[in-house]
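In full-length UniProt numbering, the protein residues as written are 1 to 370.
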């Protein structure tokens, strides 16, 4: 592997420290501030150790030694990085000095000392851009049925969605609010099971199978939710908590759940066994008709707002990228995270450019009490 430029070198550093974001930040800061001579010296030495057991130790030794303070190896920052910083810093009209030398940035002067600029946010932004695709909601992130059965039982107990002594082979879909054959209803993780290694960093979750990280939905709705076609927006009116369906793929406006499930090979055998009653009628609802419909919770227990907000933010991002939404589209309600801290810190991380660190202290997240 050749470290051909600063971008490739930064990517390699991010890869080395993908499981240790905290340790990577000061090293990334030093790397991004190296002058050309110092960068070349680091690059040529580093390439000799790529893939070896001592690569990480070499990088830490070199970059730690280069972070002693401003000097010839740290004062020159590329014009592209300065322009990026310009977007996040209020420029002054006076000439200021960085390590006793003047920096000219598009005819304005900016103080790049630690008193004026905190490069940590820039480094986190760069790392966030490298990993944002990991948290995209697609059908490939759906858990296998064998992984979800225990979770499904936890959701039944937590939300009081037990079948009792009647209809033992049927389960209520939280959106359609009707009982369907159990194979047609699934326990859907909101923050996906495949991301469990980063659940504490991103959302402060201690258990991926926490029932407040799940919903009981019919197969078609779960598939659409996991594929960014729909999301649920939180609204509160006169003390009543509601999560309403927002349609993100407007191409599905006139598509029925029945057709969507058959199109995606979702338990077609069970579909054909349904009679002509309310079950089949509900599955013949179009996504357009379901838009604005609320999830039904019968015992006053609700999912984590921050989990649904995370999915909504990521799903809307993908829907815009895929062209499913018009440019002037706006959600029916603002995305709500549960607490002001969760809102500010998670929102900043999800914005990708100008992100803040994602960890949210469990002790400061208050939506458990909502």
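From the three backbone atoms N, C-alpha and C, an ideal C-beta is built for every residue, glycine too.
Because the structure is a prediction, the values reported are computed rather than measured.
message: Using the Cβ count rule (16 or more neighbours within 10 Å means buried), how would you classify residue 161?
response: The residue labelled residue 161 in the question sits at position 161 within the chain shown. So residue 161 ends up on the buried side.
message: Along the chain, where does the beta strand (DSSP E) containing residue 235 start, and where does it finish?
response: To locate residue 235, count along the chain shown from 1; it is residue 235. Unbroken beta strand (DSSP E) run through residue 235: 230-237.
message: Going by DSSP in three states, residue 43 sits in which element: helix, strand or coil?
response: Counted from its first residue, the chain shown places residue 43 at position 43. Of the three classes helix, strand and coil, the one that applies to residue 43 here is helix, per DSSP.
message: What residue range does the beta strand (DSSP E) around residue 138 cover?
response: In the chain shown, the residue the question calls residue 138 occupies position 138. From DSSP, residue 138 is part of no beta strand (DSSP E); its letter is neither H nor E.
task: Keeping to the same chain, check which residues put their C-beta closer than 7 Å to that of residue 179; ignore five residues upstream and five downstream.
output: Position 179 of the chain shown holds residue 179. Same-chain partners within the cutoff: 167, 170, 171 and 172.
message: Which runs of the alpha helix (DSSP H) at least 4 residues long sit entirely within the segment 246-328? Give them in chain order.
response: 257-263, 268-273, 278-283, 287-290 and 305-322
query: Thinking C-alpha only, which one of 244, 151 and 184 is nearest residue 331?
result: As a working note, residue 331 is residue 331 in the chain shown. For the residues 244, 151 and 184, the minimum Cα distance to residue 331 belongs to 244.
task: Please classify residue 139: is it buried, with 16 or more other beta-carbons within 10 angstroms of its beta-carbon, or exposed?
output: By 1-based counting over the chain shown, the position of residue 139 is 139. Residue 139 comes out exposed.
task: Put residue 35 into one of helix, strand or coil per three-state DSSP.
output: Here residue 35 corresponds to residue number 35 of the chain shown, with the count starting at 1. In the structure shown, residue 35 sits in coil (DSSP, three-state: anything other than H, G, I, E or B).
- request: Starting from residue 58, follow its DSSP beta bridges and name the residues at the other end.
  value: The count along the chain shown starts at 1 and reaches residue 58 at position 58. DSSP, once it has assigned bridges, lists no residue as partnering residue 58.
message: Measuring straight from C-alpha to C-alpha, what distance separates residue 253 and residue 324?
response: The residue given as residue 253 occupies position 253 in the chain shown. The residue given as residue 324 occupies position 324 in the chain shown. Their backbone Cα atoms lie some 11 Å apart in a straight line.
- request: With DSSP as the reference, label residue 188 as helix, strand or coil.
  value: By one-based count along the chain shown, residue 188 stands at place 188. Residue 188: strand per DSSP, three-state reduction.
task: Tell me, please, which residues DSSP counts as bridged to residue 243.
output: Residue numbering aside, residue 243 sits at position 243 when the chain shown is read from its first letter. The partner list for residue 243 (beta bridge, DSSP) reads 234.
query: Looking at C-beta atoms only, is the number of pairs between the segment 206-220 and the segment 313-322 that lie closer than 8 Å three or more?
result: no
field: Beta-carbon spacing of residue 217, residue 190 below 8 Å
entry: Locating residue 217 in the chain shown gives position 217, where the first residue counts as 1. Locating residue 190 in the chain shown gives position 190, where the first residue counts as 1. In this structure, residue 190 does not lie closer than 8 Å to residue 217 by Cβ.
field: Span separating the alpha-carbon of residue 42 from that of residue 62
entry: For the purposes of this step, residue 42 is identified with residue 42 of the chain shown, where counting begins at 1. For the purposes of this step, residue 62 is identified with residue 62 of the chain shown, where counting begins at 1. If I take the Cα positions, the gap works out to 7 Å.
message: Contact defined as beta carbons within less than 8 Å: I believe residue 283 pairs with residue 257. What is the distance between those atoms, to the nearest angstrom?
response: Taking the first residue of the chain shown as 1, we reach residue 283 at position 283. Taking the first residue of the chain shown as 1, we reach residue 257 at position 257. Going by Cβ atoms, the distance from residue 283 to residue 257 rounds to 5 Å, so yes, they are a contact pair.
- prompt: How many whole angstroms separate the CB atoms of residue 266 and residue 237, which I take to be in contact at a CB cut-off of 8 Å?
  reply: Here the question's residue 266 lines up with position 266 in the chain shown. Here the question's residue 237 lines up with position 237 in the chain shown. So it is not a contact: roughly 33 Å between Cβ atoms.
field: Cβ neighbours of residue 220 in the same chain (closer than 7 Å, five flanking residues each side left out)
entry: In the chain shown, residue 220 corresponds to position 220, counting from 1. Once the five neighbours on either side are set aside, the close Cβ partners of residue 220 are 257, 260, 261 and 266.
field: Inter-residue spacing [alpha-carbon to alpha-carbon] between residue 246 and residue 176
entry: Indexing the chain shown from 1 puts residue 246 at position 246. Indexing the chain shown from 1 puts residue 176 at position 176. Computed Cα separation, rounded: 14 Å.
- request: Select from 291, 26 and 39 the residue whose C-alpha is nearest the C-alpha of residue 7.
  value: Taking the first residue of the chain shown as position 1, residue 7 is located at position 7. Minimum Cα distance to residue 7 is reached at 39.
- prompt: How long is the line joining the alpha carbons of residue 249 and residue 5, rounded to whole angstroms?
  reply: Numbered from its first residue, the chain shown carries residue 249 at position 249. Numbered from its first residue, the chain shown carries residue 5 at position 5. C-alpha separation (whole angstroms): 39 Å.
query: CB-CB under 6 Å to residue 114, same chain, minus the five flanking residues each way: which ones, in chain order?
result: Position 114 of the chain shown, counted from the first residue, corresponds to residue 114. For residue 114, the pLDDT reaches just 48, beneath the cut-off of 50, and the residue's location in the model is therefore unreliable, leaving the point undetermined.
- prompt: For residue 199, which option in 134, 26 and 274 has the closest C-alpha, if you only look at C-alpha atoms?
  reply: In the chain shown, the residue the question calls residue 199 occupies position 199. Across the set 134, 26 and 274, the C-alpha of 134 shows the shortest separation from the C-alpha of residue 199.
task: Below 8 Å on the Cβ atoms is my guess for residue 301 versus residue 158; work out the distance and round it to an integer in Å.
output: As a working mapping, residue 301 is identified with position 301 in the chain shown. As a working mapping, residue 158 is identified with position 158 in the chain shown. Contact holds; Cβ gap of about 6 Å.
- prompt: So, are the CB atoms of residue 10 and residue 31 less than 8 Å apart?
  reply: Indexing the chain shown from 1 puts residue 10 at position 10. Indexing the chain shown from 1 puts residue 31 at position 31. Closer than 8 Å, so yes.
task: Have a look at 19, 151, 312 and 34 and flag the residue whose alpha-carbon is nearest the alpha-carbon of residue 233.
output: Numbered from its first residue, the chain shown carries residue 233 at position 233. Of 19, 151, 312 and 34, the residue nearest in Cα terms is 312.
- prompt: Looking only at its own chain, which residues have a Cβ that is under 6 Å from the Cβ of residue 58, when we skip the five neighbours before and after it?
  reply: Stepping through the chain shown from its first residue, residue 58 is reached at position 58. Closer than 6 Å at the Cβ level, and outside the excluded window around residue 58, lie 49.
- request: Please look up how many angstroms separate the CB atoms of residue 278 and residue 184, rounded, as I've assumed it's under 8 Å.
  value: For this step, residue 278 is matched to residue 278 along the chain shown. For this step, residue 184 is matched to residue 184 along the chain shown. Wrong, their Cβ atoms sit about 14 Å apart, outside the cutoff.
Alpha carbon of residue 227 to alpha carbon of residue 56, nearest angstrom: Here residue 227 refers to the residue found at position 227 when the chain shown is read from its first residue. Here residue 56 refers to the residue found at position 56 when the chain shown is read from its first residue. Near 37 Å, if we compare the C-alpha coordinates of residue 56 and residue 227.
query: Sorted by chain position, which residues of the same chain lie with C-beta nearer than 6 Å to residue 24's C-beta, five sequence neighbours on each side aside?
result: Residue 24 sits at position 24 when you count from the first residue of the chain shown. Scanning its chain for C-beta atoms nearer than 6 Å, with the 5 sequence neighbours on each side dropped, one finds around residue 24 the residues 17, in chain order.
- prompt: Contact check, residue 152 vs residue 186 under 8 Å by CB: the rounded distance?
  reply: Your numbering for residue 152 matches position 152 in the chain shown. Your numbering for residue 186 matches position 186 in the chain shown. Yes, residue 152 and residue 186 are in contact; Cβ-Cβ is about 7 Å, under 8 Å.
field: residue 180: first and last residue of the uninterrupted beta strand (DSSP E) it sits in
entry: Within the chain shown, numbered from 1, the residue matching residue 180 stands at position 180. Per DSSP, residue 180 belongs to the beta strand (DSSP E) from 179-181.
- prompt: So is residue 263 buried or exposed if we call it buried at 16+ other beta carbons inside 10 Å?
  reply: Your numbering for residue 263 matches position 263 in the chain shown. Exposed, by the Cβ-count rule.
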